[in-house]
Amino acid sequence: MHIKINFSGVFSGVPFEEDSTISHIISYILQKNDVPSSYAQYCVILQVGADKFGYPLSPTDLVRNHQDSALHFRIIRFPESLDDVDEHFQELMQNQIHKMVISASYWVDQKTAVRLAARVCCAVFGPYHNQQFGFLTKTLSQLVPHQYSSDEVENYILTEWQTLQLNVNPVSLYLTEFVTNIQYGYVPFSARLEQQPVRILFGPKMILLFSQKGEIMDWIEPEKVAFPAEMRTDVVFSGQKEWKAEMNGCKAVKEIQRVIIGGYVKPEEIQKKKFSFSGIL
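Per UniProt numbering, the very first residue in the sequence shown carries number 1; after that it's consecutive.
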């Protein structure tokens with residue numbers, strides 16, 4: 001038997017037995033990518049609920065109970081340090097993070113976007129070899145967020161690409177840049193605060209509230225967030241001041257936060273009501 005898992009945007013068939021668990025699926029995916037099984041602690045399988053949001057499944061849950069579900073593999077926790085992290089797991093991390101960068105799940109400024117894109121070029125195409133303008137034109141949408149897609153940015157990427165050291169793993173360079181300039185280890189979600197879009201980033205020890213300009217508005221301890229009653233969308237964050245944010249998919253966000261700091265949602269807890277919005281991590 002096989003079950004479809006969305007892995008890096010592509011659905012793949014993963015074999016399973018009658019007694020296979022979600023943990024087996026995660027281990028299989030890691031093994032296929034030459035990643036040690038010890039990294040399973042950072043990974044989850046998300047089940048897309050009827051509300052179109054992803055709910056993390058328990059590692060002990062039976063795969064056969066989810067044959068008709070839309071399932072996604074995600075890295076949802078991150079090693080505290082990149083030191084000695086397996087290089088193949090670094091590749092999985094970089095691939096997932098970059099998809100979230102170009103989709104604007106993470107807000108980055110143009111300078112950081114250029115530096116990240118140049119490192120992707122180095123990883124995909126190898127060292128810079130006097131590339132001409134236009135070389136990246138068709139792939140620019142896969143290198144930087146849409147708002148930075150321009151001839152000027154393409155030239156900036158080519159220039160930055162030339163500066164990269166040939167003796168350093170470009171994936172490691174990418175992750176180091178991400179750790180330095182973006183919120184490594186946090187899972188971002190969209191929200192609205194006083195009718196303005198904001199980003200709320202959930203981490204194992206802190207929640208960060210970001211303005212549309214990418215400025216930190218507040219930081220909140222995980223236990224100081226109050227999720228709403230069923231069917232409501234107003235989440236209250238108590239940091240330096242109290243914030244009431246509008247967040248779709250509150251139940252999924254709550255369960256993902258539970259996984260980040262420890263614990264898994266039970267399959268029967270997934271909300272079965274239908275909504276029109278989408279919010280898969």
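Glycine included, C-beta positions come from ideal geometry on N, C-alpha and C.
Sub-9 Å separation of residue i and residue j beta-carbons
i           : j       : result
Phe-73      : Met-93  : no
Pro-222     : Ile-200 : no
Ser-190     : Lys-99  : no
Ile-29      : Val-10  : no
Phe-210     : Val-198 : yes
Glu-160     : Ala-104 : no
Ser-110     : Leu-175 : Looking at the sequence provided, one finds Gln at residue 110 rather than Ser. Their beta carbons are not under 9 Å apart, which means Gln-110 does not touch Leu-175 by this criterion.
Ile-75      : Tyr-42  : yes
Pro-145     : Val-108 : yes
Ala-123     : Val-171 : yes
Val-101     : Leu-82  : no
Thr-21      : Val-63  : yes
Phe-53      : Val-253 : yes
residue 286 : Pro-59  : Summary: the structure shown does not reach residue 286, with the chain confined to residues 1 through 281, and so no result is reported for it.
First and last residue of the uninterrupted beta strand (DSSP E) at residue i
i       : result
Leu-201 : 196 to 202
Asn-95  : Premise fails: Asn-95 lies in the alpha helix (DSSP H), 87 to 102, not in any beta strand (DSSP E).
Ile-75  : 71 to 75
Leu-209 : 207 to 210
Lys-244 : 242 to 246
Leu-46  : 43 to 48
Leu-30  : Careful: Leu-30 lies outside any beta strand (DSSP E), inside the alpha helix (DSSP H) at 22 to 32.
Alpha-carbon spacing of residue i relative to residue j, whole angstroms
i           : j       : result
Asp-86      : Gln-67  : 31 Å
Phe-227     : Leu-140 : 39 Å
Ile-216     : Glu-255 : 24 Å
Leu-281     : Ile-25  : With a pLDDT of only 42 at Leu-281, under 50, the local geometry of the prediction cannot be trusted, and the value read off the model is given with reservation. Each residue's Cα considered, the two are about 19 Å apart.
Glu-17      : Ser-27  : 14 Å
Val-35      : Glu-194 : 44 Å
Met-247     : Asp-218 : 17 Å
Gln-142     : Ile-182 : 19 Å
Gly-185     : Ala-50  : 28 Å
residue 336 : Glu-177 : Residue 336 is absent from the structure shown; the chain starts at 1 and stops at 281.
Leu-166     : Phe-237 : 45 Å
Glu-154     : Asn-65  : 47 Å
Asp-19      : Asn-95  : 31 Å
Arg-232     : Ala-245 : 11 Å
Asp-151     : Gln-131 : 14 Å
Ile-45      : His-2   : 15 Å
Reduced DSSP secondary structure (H/G/I, E/B, other) of residue i
i           : result
Thr-60      : coil
residue 289 : There is no way to answer for residue 289, as the model of the chain reaches only from 1 to 281.
Asp-234     : strand
Phe-125     : helix
Ser-12      : strand
Tyr-184     : coil
Tyr-106     : coil
Ala-229     : coil
Leu-136     : coil
Leu-166     : coil
Leu-82      : coil
Leu-143     : coil
Exposed unless 16 or more other CB atoms sit within 10 angstroms - verdict on residue i
i       : result
Gly-203 : buried
Val-265 : Confidence is the limiting factor: at Val-265 the pLDDT is only 44, short of 50, which leaves the residue's position unreliable, though a coordinate-based value still follows. Buried, since its Cβ has 16 or more Cβ neighbours within 10 Å.
Lys-251 : buried
Gly-214 : exposed
Val-168 : exposed
Asp-61  : buried
Tyr-260 : Note that residue 260 is Ile in the sequence shown here, rather than Tyr. It is buried - the Cβ of Ile-260 has at least 16 other Cβ atoms within 10 Å.
Gly-134 : exposed
Pro-127 : exposed
Gly-262 : exposed
Gln-257 : buried
Limits of the alpha helix (DSSP H) - the one that residue i falls within
i           : result
Ser-172     : 170 to 181
Trp-219     : Looking at the DSSP string, Trp-219 is not in any alpha helix (DSSP H); the run it does join, the beta strand (DSSP E), is 216 to 220.
Glu-160     : 151 to 163
residue 294 : Since the first residue shown for the chain is 1 and the last is 281, residue 294 is missing from the structure and cannot be characterised.
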